[in-house]
Amino acid sequence: SQQGEEDPQALSIQEGENATMNCSYKTSINNLQWYRQNSGRGLVHLILIRSNEREKHSGRLRVTLDTSKKSSSLLITASRAADTASYFCATVSLSGNTPLVFGKGTRLSVIA
Amino acid sequence: DAGITQSPRHKVTETGTPVTLRCHQTENHRYMYWYRQDPGHGLRLIHYSYGVKDTDKGEVSDGYSVSRSKTEDFLLTLESATSSQTSVYFCAISESGKVNEKLFFGSGTQLSVL
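These protein sequence lines are chains A and B, in that order. Take the first sequence: its letters are residues 1 to 112, numbered as in the numbering used here. Take the second sequence: its letters are residues 1 to 114, numbered as in the numbering used here.
Shown next, in the form of structure tokens:
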């Protein structure tokens, strides 16, 4: 069963705009991770945020986690055409020792 | 970065035939995974391994078996392929050394079962 659920399913923006994707989950987690997948390729790990953290940054990426609402968001600032990809959130159960469970992803299109 | 090689990259087979997909890594990572990716379902875990000869089932393990006789190789076998197993199969390793953090994925195997 899928734990994380991304919203929206698809997002289309102009280059230079910010892109925000959301992930909701149902049960308490140990950590949440975001991955990117370019068309025809494998997933690439972007960022991990632990349950005791509220925000993390990596370059143009900003991830927030609200455990009370069981949700996370991924913000990509000043988007580029190269950011066009699918983005997945993945959760780890509270025990911390079980494999990742991925959501279905958000398809982001950045138009030049 | 971890080096993962999946083979074959593409395969077309017939219903009822056995199929083996291979995942090879070069850096002795402990944890290895097989996922399948289908439209509308995202990625779903088939099996994973936490060491030589140590494997466990994932969410969609029916119809699949795995073997890990060497640290570097993780094989996924479809004993008798069915059309529902048409999918893109990804192998992954855990770069962090933990079962669930920072997975690194191979390029995938596109499998078509006719």
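We put the beta carbon where it would ideally sit given N, CA and C, even for glycine.
Fill in: Buried or exposed (CB count within 10 angstroms, at least 16 for buried), B/Ile93
So B/Ile93 counts as buried.
Discussion item. Does chain B have any CB closer than 8 Å to the CB of A/Pro8?
Written reply: No, its Cβ sits nowhere closer than 8 Å to a Cβ of chain B.
Item to complete: Tell me, to the nearest whole angstrom, how far the beta carbon of A/Val122 is from that of A/Ser79; I am working on the premise that it is less than 8 Å.
Response: With chain A represented from 1 up to 112, any question about residue 122 of chain A goes unanswered, as that position is not in the structure.
Fill in: Spatially closest choice to A/Asp7 from A/Ser24, A/Thr98 and A/Leu43, by CA coordinates
Among A/Ser24, A/Thr98 and A/Leu43, the Cα nearest to that of A/Asp7 belongs to A/Ser24.
Practice prompt. Give a yes or no on whether 8 Å exceeds the smallest Cβ distance from A/Lys26 to chain B.
Written response: Residue contact with chain B for A/Lys26: absent (no Cβ-Cβ distance below 8 Å to any residue of chain B).
Item to complete: Could you confirm whether any beta carbon from chain A is found closer than 8 Å to the beta carbon of B/Cys23?
Response: With 8 Å as the cut-off, B/Cys23 does not count as an interface residue toward chain A.
Worksheet entry | Closer than 8 Å at the beta carbon, the chain B residues around A/Gly103 | Listed along chain B, the residues sitting closer than 8 Å to A/Gly103 by beta-carbon distance are Gly42.
Item to complete: Anything in chain A within Cβ reach of B/Val99, meaning under 8 Å, just list it in chain order.
Response: Near B/Val99 (Cβ distances below 8 Å), the residues of chain A are Asn97, Thr98 and Pro99.
Discussion item. Can you look up A/Ser1 in the DSSP assignment and give me helix, strand or coil?
Written reply: Here A/Ser1 scores only 48 on pLDDT, less than 50, and its place in the model should not be relied on; the value that follows carries that caveat. Here DSSP, grouped into helix, strand and coil, assigns A/Ser1 to coil.
Worksheet item: Who are B/Leu45's beta bridge partners in DSSP?
Response: B/Leu45 is bridged to B/Tyr35.
Item to complete: Tell me whether the beta-carbon of A/Arg36 lies closer than 8 Å to the beta-carbon of A/Leu46.
Response: In this structure, A/Arg36 sits near A/Leu46, with a CB-CB distance shorter than 8 Å.
Worksheet item: Run through DSSP, which three-state label would A/Ala81 get?
Response: In this structure, A/Ala81 counts as helix in the three-state DSSP scheme.
Worksheet item: Who are the neighbours of B/Lys102 on chain A, taking C-beta pairs under 8 Å?
Response: Residues of chain A passing the Cβ test: Gln33, His45 and Leu48.
Worksheet item: Is the segment 6-19 of chain B close to the segment 34-46 of chain B, with three or more CB pairs under 8 Å?
Response: The count of Cβ pairs closer than 8 Å, one atom from the segment 6-19 of chain B and one from the segment 34-46 of chain B, stays below three, leaving the stretches out of contact.
Practice prompt. Anything in chain A within Cβ reach of B/Leu45, meaning under 9 Å, just list it in chain order.
Written response: Near B/Leu45 (Cβ distances below 9 Å), the residues of chain A are Pro99, Leu100, Val101 and Phe102.
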